[in-house]
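Mind the numbering: the sequence shown is residues 11 to 270 in the numbering used here, read in order.
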Amino acid sequence: MIIQQITKAIEEWAPLAYQESYDNCGLLTGDSTHEVKGVLLSLDCTEEVVEEAIALGANMIIAHHPIVFSGLKKITGATYIERTIIKAIKNDIAIYALHTNLDNVLHGVNSKICDLLNLQNKRILQSKKGLGNVGSGMIGELKAPAETHSFLQAVKSTFAAGSLRHTAVLKDKVLKIAVCGGSGSFLLKDAIAQGADVFITSDFKYHQFFDSENRIVIADIGHYEAEKFTKELICEFLREKFPTFALHLSKINTNPVNYL
Ligand SMILES: [Zn+2]
């Protein structure tokens, strides 16, 4: 099996054309015609993850977040990004990123979050013009109304969040839930407009919490926590496509945020 065969299958699922304009998905290092000995799946690609791949004998890393995002002008090892790239290239390891293209497809990152919350009738929160079932965030309903505080507690424990920051609880019970893995504040208006009781996402800033306007409960569970199941999602997809292939889930917690 060569790298190209894996990336082709992935791109049929999450086409590169669906990534946001600022993004940098696809093969970031490596030669697509090389044979794959093993694949390591991770949310982030860091130096430690490259070391993990070396130890496992895996020569391809598939990560959600692109390690090269806004371009590199020098590769001297001055930053963790440069060091990660140098280590990968020296060890002949291909790095592949599927980021907002996987966020934007129907059976992608947000679908996985919905499933973890047992949401029904899940649909895209903000569709891309002309692309129907492609777009950002998702919304769905719980099987039955849940008491707000216990629901938030359950969310915290499902995602093993170090903290859950939320705006005021407005009603005793909630039913309609909007979600967005990663930084979701740009979707708050859509979540409110579609009548969500709670919006589960991450990276909300202080002033953005005010924008809930007492119409929705914003629940910020942390970026890593919201997206950490993405590696399982990619693994499930690849396992079905290539049942006998060596796939490894990274055991490294790449969350740069710690909680006291
Ligand atoms: Zn993310």
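All C-beta atoms in this analysis are idealised placements derived from N, C-alpha and C, irrespective of residue type, glycine included.
Since the structure is predicted, the reported quantities are computational estimates derived from the model, not experimental observations.
Annotation for E242: the continuous alpha helix (DSSP H) segment containing it runs 240-251.
For H258, the enclosing beta strand (DSSP E) has its first and last residue at 257-259. With 5 Å as the limit, the residues whose C-beta approaches a heavy atom of ligand 1 more closely than that are G192, E237, in chain order. The continuous stretches of alpha helix (DSSP H) do not include A171, and DSSP gives it neither H nor E.
Annotation for A236: no beta strand (DSSP E) segment contains it, though the alpha helix (DSSP H) segment containing it runs 233-237. Taking C-beta separations shorter than 7 Å and ignoring five residues to either side along the sequence, the partners of L180 in its chain run N224, V227, following chain order. Taken in chain order, the whole alpha helix (DSSP H) runs of length 4 or more contained in the region 21-88 are 57-66.
Residue pairing by DSSP puts G150 in a beta bridge opposite I187. For I95, the enclosing alpha helix (DSSP H) starts and ends at 90-100. Inter-segment contact for the region 140-148 and the region 100-117 is present: three or more beta-carbon pairs are separated by less than 8 Å.
Counting every other CB atom within 10 Å of its CB across the protein chains shown gives V189 a total of 16 or more, marking it as buried.
The way I'd put it, the region 170-185 doesn't touch the region 116-136; fewer than three beta-carbon pairs between them come closer than 8 Å. By a beta-carbon distance limit of 8 Å, K241 contacts S52. Their separation comes to about 6 Å. Counting the other CB atoms within 10 Å of its CB gives P76 a total of 16 or more, which places it among the buried residues. Sequence-distant Cβ neighbours of E45 in its own chain, meaning closer than 6 Å and more than five residues away, are I12.
In this structure, T39 lies away from A107, with their beta-carbon atoms at least 7 Å apart.
DSSP places L116 in the coil class of the three-state scheme, outside both helix and strand.
Where F220 is concerned, there is no enclosing beta strand (DSSP E), although the alpha helix (DSSP H) around it starts and stops at 216-220. Here the C-alpha atom of G194 lies approximately 10 Å from the C-alpha atom of A201. Exposure of L26 is indicated by the presence of fewer than 16 other C-beta atoms within 10 angstroms of its C-beta. DSSP places A164 in the helix class (H, G or I) of the three-state scheme. Around the Cβ of S160, a 10 Å sphere holds fewer than 16 other Cβ atoms; the residue is exposed.
In the DSSP annotation of this structure, the continuous segment of the alpha helix (DSSP H) that includes K199 starts and ends at 198-203.
Inclusion of I231 and A171 in the CB contact set at 7 Å is warranted, their separation being smaller than that value.
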